[in-house]
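First comes the structure, then the notes that go with it.
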Amino acid sequence: GAVVSQHPSWVICKSGTSVKIECRSLDFQATTMFWYRQFPKQSLMLMATSNEGSKATYEQGVEKDKFLINHASLTLSTLTVTSAHPEDSSFYICSATDSARGYGYTFGSGTRLTVV
Amino acid sequence: EDKVVQSPLSLVVHEGDTVTLNCSYEVTNFRSLLWYKQEKKAPTFLFMLTSSGIEKKSGRLSSILDKKELFSILNITATQTGDSAVYLCAVEKGGNKLVFGAGTILRVKS
Chain A
766 GAVVSQHPSW VICKSGTSVK IECRSLDFQA TTMFWYRQFP KQSLMLMATS NEGSKATYEQ
826 GVEKDKFLIN HASLTLSTLT VTSAHPEDSS FYICSATDSA RGYGYTFGSG TRLTVV
Chain B
940 EDKVVQSPLS LVVHEGDTVT LNCSYEVTNF RSLLWYKQEK KAPTFLFMLT SSGIEKKSGR
1000 LSSILDKKEL FSILNITATQ TGDSAVYLCA VEKGGNKLVF GAGTILRVKS
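Residue numbers (this note's numbering), protein chains in the order written: chain A, 766 to 881; chain B, 940 to 1049.
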């Protein structure tokens, strides 16, 4: 079945630094990837949608200069949290879909970001 | 504004009990409704429902969609401790977007 690998699974960084999270589709071509954020005991909130080779589409209220998304290939998307602050601490999950397969959203295992 | 509402928010049952989880929605450009199970990390796919009244079944889990009343239920029979998780309902809308509910936290006690 479809597998999406997300790395790192957890990261601690200092306030003001940047952190990059990678999301890879291992056995299919992900034409579209999605980035979500999940606060404790809350649901997944879509942050942005990225299509390979084009700019990401951000949801309302998500700062695109703070959360940089790159989807340079059909198997890799990255989310960079720039100048991280403690309020950016959260669980970030990516998911990927291959439009050629019609449907199906496969999720990565998530990244727990803690900013100290 | 798109809304997906799940109930109850949390539930504690004993092994062997049957549980019913609810999901109601108001979403424009509806395409399908999906159920996921989330344990510690990534949500894992359970069901995708597109048509009303057709029950989907997988072992002890089953789900059905009512597109007229805009809701879905997820049933789990003969619950086991391994069923303890957060169950997420999501509605897929046009543009490949998923709108998630807040989830139902299920705890099955032995």
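We put the CB at the ideal spot given by N, CA and C, even for glycine.
task: For B:T983, collect the residues of the same chain with a Cβ closer than 8 angstroms to its Cβ; drop the 5 residues on either side in sequence, then sort them by chain order.
output: The sequence position of residue 983 of chain B within the second sequence is 44, counting from 1. Within the same chain, B:T983 has close Cβ partners Y975, K976 and Q977.
- prompt: What residues from the stretch 829-847 of chain A come within 7 angstroms of chain B, judged by C-beta to C-beta, listed N to C?
  reply: Taking 7 angstroms as the Cβ-Cβ cut-off, the stretch 829-847 of chain A has no residue approaching chain B.
message: Please classify B:R1046 as buried or exposed, where buried requires at least 16 other C-beta atoms within 10 Å of its C-beta.
response: Translated into positions along the second sequence, residue 1046 of chain B becomes position 107. With fewer than 16 Cβ atoms within 10 Å of its Cβ, B:R1046 is classed as exposed.
query: Thinking just about the alpha-carbon of each residue, which of B:T967, B:S971, B:H953 and B:S946 is nearest to the one in B:T959?
result: In the second sequence, residue 959 of chain B corresponds to position 20, counting from 1. Ranking the options by Cα distance to B:T959, first place goes to B:S946.
- prompt: Who does B:F986 pair with in a DSSP beta bridge?
  reply: For the purposes of this step, residue 986 of chain B is taken as the residue at position 47 of the second sequence. Paired residues: B:W974.
query: Should A:F804 be labelled buried (16 or more other beta-carbon atoms within 10 Å of its own) or exposed?
result: For the purposes of this step, residue 804 of chain A is identified with residue 39 of the first sequence, where counting begins at 1. By the neighbour-count criterion, in which a residue is buried when 16 or more other Cβ atoms sit within 10 angstroms of its Cβ, A:F804 is exposed.
- prompt: Does DSSP put B:T959 in a helix, in a strand, or in coil?
  reply: Position 20 of the second sequence holds residue 959 of chain B. B:T959 falls in the strand class under three-state DSSP.
- prompt: According to DSSP, which residues form a beta bridge with A:R877?
  reply: As a working mapping, residue 877 of chain A is identified with position 112 in the first sequence. The partner list for A:R877 (beta bridge, DSSP) reads A:W775 and A:F856.
query: Could one say the Cβ of A:P793 lies closer than 7 angstroms to chain B's Cβ atoms, at least one of them?
result: For the purposes of this step, residue 793 of chain A is taken as the residue at position 28 of the first sequence. Contrary to the premise, residue 793 of chain A reads as Phe rather than Pro in this sequence. With a threshold of 7 angstroms between beta carbons, A:F793 makes no contact with chain B.
- request: Assign A:I858 to buried or exposed, taking buried as 16 or more other Cβ atoms, counted over all protein chains shown, within 10 Å of its Cβ.
  value: Here residue 858 of chain A refers to the residue found at position 93 when the first sequence is read from its first residue. Within a 10 Å sphere around the beta-carbon of A:I858 sit 16 or more other beta-carbons, which makes this residue buried.
field: Secondary structure, beta strand (DSSP E): runs of 3+ residues fully inside the stretch 793-870 of chain A
entry: If we require 3 residues or more, the beta strand (DSSP E) runs fully inside the stretch 793-870 of chain A come out as 797-803, 809-816, 832-838, 841-846 and 855-862.
task: Please confirm if A:F804 has its CB atom under 7 angstroms from at least one CB of chain B.
output: For the purposes of this step, residue 804 of chain A is identified with residue 39 of the first sequence, where counting begins at 1. False, the Cβ-Cβ gap to chain B never drops below 7 angstroms.
query: Just to confirm, are B:T1016 and B:S1049 a CB contact at a threshold of 7 angstroms?
result: In the second sequence, residue 1016 of chain B corresponds to position 77, counting from 1. In the second sequence, residue 1049 of chain B corresponds to position 110, counting from 1. Going by C-beta atoms, B:T1016 is not nearer than 7 angstroms to B:S1049.
message: Is there a Cβ of chain E sitting closer than 7 angstroms to that of A:T879, yes or no?
response: Of the chains in the structure shown, none is chain E; the protein chains are A and B.
message: Rounding to the nearest angstrom, what Cα-Cα distance links A:Q794 and B:H953 in this structure?
response: The sequence position of residue 794 of chain A within the first sequence is 29, counting from 1. The sequence position of residue 953 of chain B within the second sequence is 14, counting from 1. For A:Q794 and B:H953, the distance between alpha carbons rounds to 42 angstroms.
query: For A:S783, does the count of other Cβ atoms within 10 angstroms reach 16, so buried, or fall short, so exposed?
result: Here residue 783 of chain A is taken as the residue at index 18 of the first sequence, counted from 1. Its Cβ having fewer than 16 others within 10 Å, A:S783 is exposed.
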